[in-house]
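Enquirer:
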Amino acid sequence: METILFAILLMAVIGLVLGLVIGWFAKIFQIESDSRVELVTELLPGANCGGCGKAGCSDFAKSVVSGENPPSKCPVSSKEQVTAIALALGIDAGESFQQRAVVCCGGDREQTKRLLNYNGVVDCVSASLVAGGPKGCSYGCLGMGTCARKCPFGAIEIINNLAVVHRELCVGCGTCVAACPRGVIKLVPADAEVHVYCNSPAKGPAKRQVCNVPCLGCRKCARAFPNKFKVDGFKAQVNYEAKPLPTADDVQAVGCPTGCLLTADEHLKIEQNEPEWSPEK
Amino acid sequence: MSKSSREVLSFQGGIHPSGDGKQLSSGNPIQIAPLLDRYRVMISQNVGKPPKPVVKPGDTVKKYQLLAEADGFVSANLHSPTSGKIIGIVDVPGPMGTLVPAIEIEADGLDEAAETWPPIAWRDADPADLLKRVGDAGLVGMGGAAFPTRVKFSPPPEKKIDTLILNGAECEPYLTADHRLMLEHPEKVLEGAAISGRMLGVSNIYIGVEVNKEDAIQALGRRASEYGVKIATLKVQYPQGSEKQLIMAITGRAVPAGGLPMDAGCVVQNVGTAAAVTDAVVSGIPLVERVTTVTGEVVKNPGNWMLKIGTPVIKAIEFAGGVTAEPGKLILGGPMMGFAQKSFDVPVSKNTSGILLLPVSEALTYGSVGCIRCGRCLEACPMNLMPCLLGNAVEGEKFDIAAQNHVMDCIECGSCAYVCPAHRPLVQHMRRAKAEIRKRKK
Numbered sequence: 002m003e004t005i006l007f008a009i010l011l012m013a014v015i016g017l018v019l020g021l022v023i024g025w026f027a028k029i030f031q032i033e034s035d036s037r038v039e040l041v042t043e044l045l046p047g048a049n050c051g052g053c054g055k056a057g058c059s060d061f062a063k064s065v066v067s068g069e070n071p072p073s074k075c076p077v078s079s080k081e082q083v084t085a086i087a088l089a090l091g092i093d094a095g096e097s098f099q100q101r102a103v104v105c106c107g108g109d110r111e112q113t114k115r116l117l118n119y120n121g122v123v124d125c126v127s128a129s130l131v132a133g134g135p136k137g138c139s140y141g142c143l144g145m146g147t148c149a150r151k152c153p154f155g156a157i158e159i160i161n162n163l164a165v166v167h168r169e170l171c172v173g174c175g176t177c178v179a180a181c182p183r184g185v186i187k188l189v190p191a192d193a194e195v196h197v198y199c200n201s202p203a204k205g206p207a208k209r210q211v212c213n214v215p216c217l218g219c220r221k222c223a224r225a226f227p228n229k230f231k232v233d234g235f236k237a238q239v240n241y242e243a244k245p246l247p248t249a250d251d252v253q254a255v256g257c258p259t260g261c262l263l264t265a266d267e268h269l270k271i272e273q274n275e276p277e278w279s280p281e282k
Numbered sequence: 036m037s038k039s040s041r042e043v044l045s046f047q048g049g050i051h052p053s054g055d056g057k058q059l060s061s062g063n064p065i066q067i068a069p070l071l072d073r074y075r076v077m078i079s080q081n082v083g084k085p086p087k088p089v090v091k092p093g094d095t096v097k098k099y100q101l102l103a104e105a106d107g108f109v110s111a112n113l114h115s116p117t118s119g120k121i122i123g124i125v126d127v128p129g130p131m132g133t134l135v136p137a138i139e140i141e142a143d144g145l146d147e148a149a150e151t152w153p154p155i156a157w158r159d160a161d162p163a164d165l166l167k168r169v170g171d172a173g174l175v176g177m178g179g180a181a182f183p184t185r186v187k188f189s190p191p192p193e194k195k196i197d198t199l200i201l202n203g204a205e206c207e208p209y210l211t212a213d214h215r216l217m218l219e220h221p222e223k224v225l226e227g228a229a230i231s232g233r234m235l236g237v238s239n240i241y242i243g244v245e246v247n248k249e250d251a252i253q254a255l256g257r258r259a260s261e262y263g264v265k266i267a268t269l270k271v272q273y274p275q276g277s278e279k280q281l282i283m284a285i286t287g288r289a290v291p292a293g294g295l296p297m298d299a300g301c302v303v304q305n306v307g308t309a310a311a312v313t314d315a316v317v318s319g320i321p322l323v324e325r326v327t328t329v330t331g332e333v334v335k336n337p338g339n340w341m342l343k344i345g346t347p348v349i350k351a352i353e354f355a356g357g358v359t360a361e362p363g364k365l366i367l368g369g370p371m372m373g374f375a376q377k378s379f380d381v382p383v384s385k386n387t388s389g390i391l392l393l394p395v396s397e398a399l400t401y402g403s404v405g406c407i408r409c410g411r412c413l414e415a416c417p418m419n420l421m422p423c424l425l426g427n428a429v430e431g432e433k434f435d436i437a438a439q440n441h442v443m444d445c446i447e448c449g450s451c452a453y454v455c456p457a458h459r460p461l462v463q464h465m466r467r468a469k470a471e472i473r474k475r476k477k
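Residue numbers (my numbering), protein chains in the order written: chain A, 2 to 282; chain B, 36 to 477.
(1) Would you identify the three-state DSSP class for B/F182, choosing helix, strand or coil?
(2) Using DSSP bridges, identify the partner residues of A/H196.
(3) Of all the residues that make up the segment 108-126 of chain A, which are near chain B by a beta-carbon distance shorter than 7 Å?
(4) With a threshold of 7 Å between beta carbons, is B/G132 in contact with chain A?
(5) Per DSSP, B/W340 forms a beta bridge with which residues?
(6) Looking at the strands, I want to know which residues DSSP matches up with B/K87.
(7) Which residue marks the beginning of the alpha helix (DSSP H) containing B/C301, and which one marks its end?
(8) At a Cβ cut of 8 Å, what residues of the segment 349-378 of chain B count as close to chain A, listed as they run along the chain?
(9) I want to verify the contact list: residues of chain A whose CB lies under 7 Å from the CB of B/A470, in sequence order.
(10) Listed in chain order, which residues of the segment 436-470 of chain B have Cβ atoms closer than 8 Å to some Cβ of chain A?
(11) Answer with buried or exposed for A/G98, where buried requires no fewer than 16 other C-beta atoms within 10 angstroms of its C-beta.
(12) Give the residues from the segment 257-271 of chain B that approach chain A closer than 8 Å (Cβ to any Cβ), ordered along the chain.
(13) Is the number of C-beta pairs between the segment 117-126 of chain A and the segment 153-162 of chain A that are closer than 8 Å three or more?
(14) Compute the distance between the beta-carbons of A/V255 and A/K221, then report whether it is under 7 Å.
(15) Taking Cβ positions only, does B/T184 come closer than 7 Å to chain A?
(16) I'd like to know if the segment 168-183 of chain B and the segment 68-81 of chain B are in contact, where contact means that at least 3 CB-CB pairs between them fall below 8 Å.
(17) Is it right to say A/E267 is buried, meaning 16 or more other beta carbons lie within 10 angstroms of its own, or is it exposed?
(18) Which residues, in order along the segment 373-407 of chain B, keep a beta-carbon less than 8 Å from a beta-carbon of chain A?
(19) Give the interface partners of A/S139 over in chain B, defined as CB-CB distance under 8 Å, in chain order.
(20) Verify the CB distance criterion: does A/K51 have a CB-CB separation below 7 Å to chain B?
(21) Which residues, taken in chain order from the segment 243-277 of chain A, show a beta carbon closer than 9 Å to some beta carbon of chain B?
(22) Can you list, in chain order, the stretches of the beta strand (DSSP E) that have 3 or more residues and sit fully within the segment 125-149 of chain B?
(23) Answer yes or no: do B/V442 and B/I390 have a C-beta to C-beta separation smaller than 7 Å?
(24) Would you list the residues sitting across from B/G389 in a DSSP beta bridge?
(25) Can you tell me the Cβ-Cβ gap for B/F188 and B/L166, rounded? I've got them flagged as a contact below 8 Å.
(26) Are any of the Cβ atoms in chain B nearer than 7 Å to that of A/G133?
(27) Using alpha carbons as the reference points, say which of A/K244, A/L90, A/K114 and A/V41 lies closest to A/S78.
(28) Do you know offhand how far B/A452's Cα is from B/M465's?
(29) For B/E150, is the classification buried or exposed, using 16 other Cβ atoms within 10 angstroms of its Cβ as the cut-off for buried?
(30) Measuring only between beta-carbons, confirm whether A/Q112 sits less than 7 Å from chain C.
(31) Can you tell me which of B/V381, B/V237 and B/S396 puts its alpha carbon nearest to the alpha carbon of B/H361?
(32) Around the C-beta of B/I67, are 16 or more other C-beta atoms found within 10 angstroms, so that it is buried, or is it exposed?
(33) In the DSSP assignment, find the beta strand (DSSP E) that holds B/L199 and state where it starts and stops.
(34) Report all residues from its chain with a CB closer than 7 Å to the CB of B/R41; omit the five preceding and five following residues, and keep chain order.
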């Protein structure tokens, strides 16, 4: 009986002493943590996509609390979420600028020639090391899905060996832009509907030899809407600073001879094999 | 040295490609290619900075006239392969699959040569004069790497060079260009070796030749002692002609990891470059043509041609009588380390050792599966690396693990991929890892 009591007492004393020591150490080595950083981290989406340029969401939260970045710098958060963060901290939300990724290429398996019987790693970066990739065009999408695998939001799908963006899922974090070895993915303003789906600066006839849907630099779009489209070298570009931005009606009015001027929805639907579409549209 | 008593040298690892295809072209003498009406000479034909063009559209040029001038130390002059008119600078498909600038020349059919440089009596010449001539002539390594020869022969003074090795191993299957050159012009190769030795101040000169080129060994051996050159007979083993393996086989020295042959006191040069050194020093002509093997099972008359730089590959294949069946793959260089091509319009450059057309059956496509841990690649790797482990690291995008396991020492010889029973694209993985690691270092 005595032994048991002694053991219980001994354990209680040891526990008490160690508890005091731990408590004392916790006090001296305490790290000042800002409760606001935790709060902002909670309010952020937690995707850790890196689209803001920081290492992750908690890193971004620190920069918001320190005033380095406005909350709107997070490309994933909706307007409501950004306002919630701004209200919680009592700061200005900053001007929100949403972007979306667009794959500037329409050269899927049927439209662009494959000149090489490629048998290597199914990865765009690896494939571009073999004769610059199997595709006839050295600037277009290789369609082996490196961007789709890297996208943290599952917004890119590979259909017919071409990457297409699902705009409702894309947040414009730019992970795919960094992953693509061809530089064919661009970040554009989220409200832009119309894009030029060609990335090749080569001359028209050279592009025609390998692709059915290149931009030939014919200037038809730039003549119809000089403020909305510009032609740089042998490739048309949308002027994303134009107000208002080009619309689906403008695409109809231009009547691009190769069909590389499209709305983002059309680009997706063509690849999903919409029956009413043909390259001679 | 009699055939039975001589020593046959080699290195550890490597492979023995079966059916090496050399018999297709090894028996046919080098032929002079007919003159074309148009040449497209790529501006960048050397490692380092591309030279600066010095001609304008509309200029008339003569054969051997300077087209582009070396821009900096690691660069090489470029000369006109024939006489004619400059059309301009055009984009042509390059050997790496991208469009590259080239100077287009419309030949006038006369092939009229400009005045050549005076010959140099090299036995008593100042090595600096010889070096200058080699630089003026636009010489680059003709085995494949296209490293400017003048730079290779100007090692930093703290590196003591005591051995010059001429690479006549030609271990790549199908290629016989160096073989024919050594057999038909042995004195040119030997004289080039002796001149190179004079430039480096080295008297210990070897020519390494694989024993399957017995006739070339005999031809070189007859006059080798006149030029103070020793013939090293090598075992038929791939990659015997890789410079690090060649140094190991002949001198027994190992080039340290990340180092160059000069760190082992050696300079390695291709036999084709040696012949070009003789042309530059003794005949005073720059490098504008080279021996190239045009071969493959589907080529009608495989053989070796003296091709002018800027000759489109399709024309070279026409010289060889065209094809007998649909080709499955076009490769510039040999089948092991050569580069697959997308276009038949690629021009021949200073380092095009072979034009190979594989039949569809040889260009079979295999599906690859994961590593089965058999270890055959470990035995095959001549650099003693672990290709299976490196391949796994790259598949998981763990490039730091690849770097720790010395992927940067891979010579991309393809031995591992050749023996892999799972058909893994190991060389492609290595190249990916090297590209990523170089990018991160920047």
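Backbone N, C-alpha and C define an ideal beta-carbon position, used for all residues, glycine too.
Expert: Once the coordinates are examined:
(1) coil
(2) A/L263
(3) L116, L117, N118, N120, G121, V122 and V126
(4) yes
(5) B/Q66 and B/T327
(6) B/E104
(7) Careful: B/C301 lies outside any alpha helix (DSSP H), inside the beta strand (DSSP E) at C301 to N305.
(8) G363, K364, F374, A375, Q376, K377 and S378
(9) L130
(10) P460, Q463, H464, R466, R467 and A470
(11) According to the sequence as given, residue 98 of chain A is Phe; it is not Gly. Classification of A/F98: exposed, given that the 10 Å Cβ count is below 16.
(12) none
(13) no
(14) yes
(15) no
(16) yes
(17) buried
(18) F374, A375, Q376, K377, S378, A398, T400 and Y401
(19) G132, T133 and L134
(20) Per the sequence shown, the amino acid found at residue 51 of chain A is Gly instead of Lys. So no, A/G51 is outside the interface.
(21) none
(22) 134-142
(23) no
(24) B/T328
(25) 6 Å
(26) yes
(27) A/V41
(28) 11 Å
(29) exposed
(30) Note that chain C does not occur in the displayed structure, where the protein chains are A and B.
(31) With the sequence shown as reference, residue 361 of chain B is identified as Glu, and His is not the correct amino acid for it. Nearest option by C-alpha distance: B/S396.
(32) exposed
(33) T198 to G203
(34) T268
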